[in-house]
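Residue numbers (the working numbering): 1 to 193. For each residue, glycine too, the CB sits at the ideal point set by N, CA and C. The structure appears below as structure tokens.
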Ligand SMILES: Cc1cc2nc3c(=O)[nH]c(=O)nc-3n(C[C@H](O)[C@H](O)[C@H](O)COP(=O)(O)O)c2cc1C
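Right, dumping it as structure tokens:
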């Protein structure tokens, strides 16, 4: 593999506009992060949740250090991750700040249970994780929060909420499976299962 010389790479700066355009191509599953205790709670919509390891079960999420959730996650050392189902668009919008709601007011209109670590978990989410903070790597504008999963609740729903090209998209395994099969590209040298 050819390695691009370091000085050549730095001579071509990547504009934030180009970077944003590129990242719009990346389809992301939509989750809501929750943080805090009692009335001192908040949360935010994210697409940056990803699995880190299965053994032990850990995940990571990239959170803007100016977001209201960030100091609460740091202070309490715990957070919830709620993978939204396709019907929970209103929850996604509230936790992204639409309507100007803040803190505990964002939780109105949906049902929540308190996890063992004390953070709210969303009833009806595809999956909800209770996480203890293992490490936070603060880099540039964001903190990479690594969470050790201490509990997980799975639902049997199959319709997910995704975000692609600046809009929410519903992906329903039952309804869309046939359509996806029609448009799927067969991999070379291998027959489908
Ligand atoms: C679909 C979507 C995905 C988002 N993903 C992230 C993310 O991964 N990390 C992040 O810091 N903010 C993300 N945001 C922005 C936050 O949801 C938004 O800034 C939130 O209002 C921050 O909370 P605050 O108002 O309590 O500070 C995303 C927003 C949307 C609409």
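- Residue 106 holds the alpha-carbon nearest to the alpha-carbon of residue 69 among 20, 86, 106, 51.
- Closer than 7 Å to some heavy atom of ligand 1: that does not describe the Cβ of residue 158.
- Taking the Cα of residue 155 as reference, the smallest distance to any Cα among 61, 125, 25 is reached at 125.
- Going by beta carbons, residue 49 and residue 59 fall inside the 8 Å limit.
- Listed in chain order, the beta strand (DSSP E) elements of length 3 or more contained wholly in the region 75-100 are 78-83.
- The alpha-carbon separation between residue 178 and residue 135 amounts to approximately 42 Å.
- When secondary structure is reduced to three states using DSSP, residue 162 falls in the strand class.
- Here residue 72 carries a helix assignment [DSSP, helix/strand/coil].
- Within the region 20-53, the runs of beta strand (DSSP E) at least 3 residues long that lie entirely inside it are, in chain order, 31-37, 40-46, 50-53.
- Taking all protein chains shown into account, residue 143 has 16 or more neighbouring C-beta atoms within 10 Å of its C-beta and is therefore buried.
- Cβ neighbours of residue 28 within its own chain (closer than 8 Å, five residues either side excluded): 47, 48, 162, 163, 164.
- Proximity to residue 170 across 71, 86, 41 peaks at 86, based on C-alpha coordinates.
- Minimum Cα-Cα distance from residue 166 among the listed residues 25, 113, 153, 121 corresponds to 25.
- For residue 178, the secondary structure class from DSSP, reduced to helix, strand or coil, is helix.
- By the C-beta density criterion, residue 44 is buried, having at least 16 other C-beta atoms within 10 angstroms.
- With a cutoff of 7 Å, residue 45 counts as near ligand 1, since its C-beta is closer than that to a heavy atom of the ligand.
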